[in-house]
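Participant: Following the numbering used here from start to finish, the sequence shown increments by one per residue and tops out at 914.
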Amino acid sequence: MKKILFAWVGMNDIKAAREDKDDNLGPIARVVSEIAYQRLVLLNNYGKEEKVPDYVAWLQKKCSMMIDLVDIDLASPIDFAAIYVAAKKQVERVFKEERGRVVPVFHLSPGTPAMQAVWIMLGKGPFVEAELIQSSREQGVQRVEMPFDIYAEYIPDIQAGADRRLMMLADSDTLYELDLSALIPRHGIIHQCGAMKTLVAQAEQVAGRDVPVLLEGETGTGKELFARHIHAESRRSNRPFLPVNCGAIPKDLFEAEFFGYARGAFSGAVKDHSGYFEQADGGTLFLDELGEMPLDAQVKILRVLTDGVVRRIGDPRERQVDVRIIAATNRDLLAEVAAGRFRADLFYRLAVAMLKLPPLREREGDIHLLLEHILGQVNRELGKEPGYKQKKFSINAKNLMKRHPWPGNAREMHNTILRICVWCQNEVIQEEDVRRALLPGITEDKDDILSRPLGEGFNIQELQAFLSSHYIRRALEESGGNKSRAAALLGLKNYQTLNNWMVKYEVEL
């Protein structure tokens, strides 16, 4: 695991470089002259006026590590909102570049009080594995131990009052108990990140234009929720909204389901039956899983969209229908068109207004809102049963869930929280409750480790070494390199036992 130092460039650092005295190195140079980190990330909000690159050149003489200078444009050095966003973005960037094998070290001494406070919130919130340090001429370099946990996940809005709200949240040690009902809009799309705000605004704009809409996004990103919102905001809101899962309709029943049939049209047709288009007449037909629709069915759908008429099976009459189509897919339809699995003419007919919904892992600041909202839903659902205790998250449990990638998005999150609440007997959900409920990552690897054939080179010792080294590395990553905690995660007695295993299986920290 690489230890990487993060710090804001402070005025005391710049002055130290100008004076260039051995007894006054400044907070940052004092640290890097004593401790060798793999990398130093310097955040600079001074612009060009203080000649910070000259300071970096001076600092480079004091250490041999790579220095990454990042210019940050802040309207004010005490703007909590902007500082939080900028600092968190840079830490996440480094995690991505280093593939997560990072122990971040946040230097509290340089910068403004607002910058110092944000480092503490990041170190006690999203990056609980981080180390906090401070330095001074009198005391040298010291590790800072905070005897408390705070939940610091807050992504500020660009609006008046953001700093006041941040201070209010930072001062609260019971943020997870706050009533979030005021943040739930009437359409039920829980969000506060910029990307989702833009999408909701676009959905409301297109709702008033009676054109087809194509919603793209991974499973569980809320495509039907958006479709219902568009319908509710349209002139068709008092008419039917009919959701249809195209992937659940057998190919031989497709025409009957969508277009209907006349009595006697085939065996079992004992009465006239209207299809989906007629049932949704005047309203909205939501075609979910559009990419699963067979090619021959696509031709028939296209004709209805072009002519606005349907004809039931066994009925010579044509019926006029007025239906708005909102379609959704988790596939890349343009790639499907290129591969010949989806008709180009139908795609362009439906893709008049396209909205691409982001997965949870890209929705900065929304996960903690969704966790609280879904937990509230589950508490209400299970609260109807006798003996159920209303649940709330502990800080560490919530932070663990925030770091989960949620490949199944909100649907996976709901089912995970439901599992937690079913099995957890206490009122406060702990880390171990979350770990038991999270599903292992889905993989396309067909080489099932439990089903390998015996003989022909099978070696159980090699297999044991592979598994042991894998889980040792995973425990070290999840514990941020803390061997005592990693040993506990692995069920080992103490960190000395873990050290022996690391030597045996050649695992390096």
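Backbone N, C-alpha and C define an ideal beta-carbon position, used for all residues, glycine too.
Can you pull the DSSP bridge partners for residue 489?
Facilitator: DSSP output for residue 489 lists no bridge partner at all.
Participant: So what does DSSP say about residue 545, is it helix, strand or coil?
Facilitator: Residue 545 falls in the strand class under three-state DSSP.
Participant: Which word fits residue 911, buried or exposed, when buried means at least 16 other C-beta atoms lie within 10 angstroms of its C-beta?
Facilitator: Answer is exposed; the Cβ neighbour count stays below 16.
Participant: Starting from residue 609 and walking both ways along the beta strand (DSSP E), at which residues does that stretch end?
Facilitator: Note, residue 609: premise wrong, no beta strand (DSSP E); alpha helix (DSSP H) at 599-612.
Participant: Can you tell me the Cβ-Cβ gap for residue 762 and residue 631, rounded? I've got them flagged as a contact below 8 Å.
Facilitator: Between residue 631 and residue 762 the Cβ distance is about 7 Å, and since that is below 8 Å, they are a contact.
Participant: Are residue 832 and residue 794 closer than 8 Å when you measure CB to CB?
Facilitator: Cβ distance < 8 Å, so residue 832 and residue 794 count as in contact.
Participant: With a cut-off of 8 Å on the beta carbons, I'd call residue 659 and residue 681 a contact; round off their distance for me.
Facilitator: In fact, because the Cβ distance is near 10 Å, the residues do not count as touching under 8 Å.
Participant: Kindly indicate which three-state DSSP category residue 642 falls into: helix, strand or coil?
Facilitator: Reduced to three states, the DSSP call for residue 642 is coil.
Participant: Between the stretch 467-484 and the stretch 501-512, do three or more beta carbon pairs fall short of 8 Å?
Facilitator: Short answer: they don't touch.
Participant: CB-CB under 8 Å to residue 614, same chain, minus the five flanking residues each way: which ones, in chain order?
Facilitator: Correct list, in chain order: 758.
Participant: According to DSSP, which residues form a beta bridge with residue 509?
Facilitator: In the DSSP output, where bridge partners are listed per residue, residue 509 has 409.
Participant: Would you report the Cα separation of residue 851 and residue 738, rounded to the nearest angstrom?
Facilitator: For residue 851, the predicted structure reports a pLDDT of 37, less than 50, and the residue's modelled location is therefore unreliable. A value from the coordinates is still provided. Taking the straight line joining both Cα atoms gives about 27 Å.
Participant: Within 8 Å, do at least three Cβ pairs link the stretch 430-439 to the stretch 532-546?
Facilitator: Enough Cβ pairs lie closer than 8 Å, so yes.
Participant: Please state whether the Cβ-Cβ distance between residue 635 and residue 611 is less than 8 Å.
Facilitator: It is a contact, given that the beta carbons lie within the stated cut-off.
Participant: What did DSSP end up calling residue 728 once you bin it into helix, strand or coil?
Facilitator: In the structure shown, residue 728 sits in coil (DSSP, three-state: anything other than H, G, I, E or B).
Participant: Do you know how far the Cα of residue 807 is from the Cα of residue 896?
Facilitator: C-alpha separation (whole angstroms): 24 Å.
Participant: By alpha-carbon positions, which one of 822, 549 and 745 ends up nearest to residue 787?
Facilitator: That would be 822, whose Cα lies nearest to the Cα of residue 787.
Participant: Helix, strand or coil, according to DSSP, for residue 568 in the structure here?
Facilitator: Unreliable placement is indicated for residue 568, whose pLDDT of 43 sits below 50; the coordinate value is still reported in the next sentence. If DSSP states are grouped into helix, strand and coil, residue 568 belongs with the helices.
Participant: Taking Cβ positions, are residue 473 and residue 430 nearer each other than 8 Å?
Facilitator: Not a contact, by the Cβ cut-off of 8 Å.
Participant: Excluding the 5 residues flanking residue 889 on each side, which residues of the same chain have their C-beta closer than 6 Å to its C-beta?
Facilitator: Answer for residue 889: 900, listed in chain order.
Participant: In or out: residue 515 buried (at least 16 other Cβ within 10 Å) or exposed?
Facilitator: Residue 515 should be labelled buried.
Participant: To the nearest whole angstrom, what separates the beta carbons of residue 480 and residue 491, a pair I think is in contact under 8 Å?
Facilitator: Not a contact, Cβ separation roughly 11 Å.
Participant: With a CB to CB cut of under 6 Å and the five nearest residues on each side skipped, what residues in its chain are close to residue 810?
Facilitator: 766.
Participant: Mind checking whether residue 686 and residue 728 have CB atoms under 8 Å apart?
Facilitator: The answer is yes: Cβ separation under 8 Å.
Participant: Quick one: is residue 413 buried, meaning 16 or more other Cβ sit within 10 Å of its Cβ, or exposed?
Facilitator: Label assigned to residue 413: buried.
Participant: Which of the three DSSP states is assigned to residue 580 in this structure?
Facilitator: Caution is warranted here: a pLDDT of 35 is assigned to residue 580, below 50, making its placement in the model unreliable, and the coordinate value is therefore given only provisionally. The answer is helix: DSSP assigns residue 580 an H, G or I state.
Participant: How many angstroms separate the CA atom of residue 645 from the CA atom of residue 732?
Facilitator: About 16 Å.
Participant: Short of 8 Å in beta carbon distance, which residues of its chain neighbour residue 459, apart from the five on each side in sequence? Order them along the chain.
Facilitator: Cβ within range, chain order: 422.
Participant: Under 7 Å from any heavy atom of the ligand NAP, does the C-beta of residue 763 make it?
Facilitator: In terms of ligand content, the structure shown is empty, and the ligand NAP therefore cannot be addressed.
Participant: Have a look at residue 450 and residue 517 and give me their C-alpha separation to the nearest angstrom.
Facilitator: Rounded to the nearest angstrom, the two C-alpha atoms are 11 Å apart.
Participant: Considering only residues of the same chain and omitting the five flanking positions on each side of residue 520, which have a CB-CB separation below 6 Å?
Facilitator: Cβ neighbours of residue 520 beyond the five flanking positions: 413 and 488.
Participant: Would you report the Cα separation of residue 792 and residue 834, rounded to the nearest angstrom?
Facilitator: Cα-Cα distance, rounded: 17 Å.
Participant: So, helix, strand or coil for residue 441, using DSSP?
Facilitator: Residue 441 falls in the coil class under three-state DSSP.
Participant: From which residue to which residue does the beta strand (DSSP E) around residue 759 run?
Facilitator: First-last of the beta strand (DSSP E) with residue 759: 758-761.
Participant: Please classify residue 671: is it buried, with 16 or more other beta-carbons within 10 angstroms of its beta-carbon, or exposed?
Facilitator: With fewer than 16 Cβ atoms within 10 Å of its Cβ, residue 671 is classed as exposed.
Participant: Taking DSSP as the reference, what is the three-state secondary structure of residue 458?
Facilitator: In the structure shown, residue 458 sits in a helix (DSSP, three-state: H, G or I).
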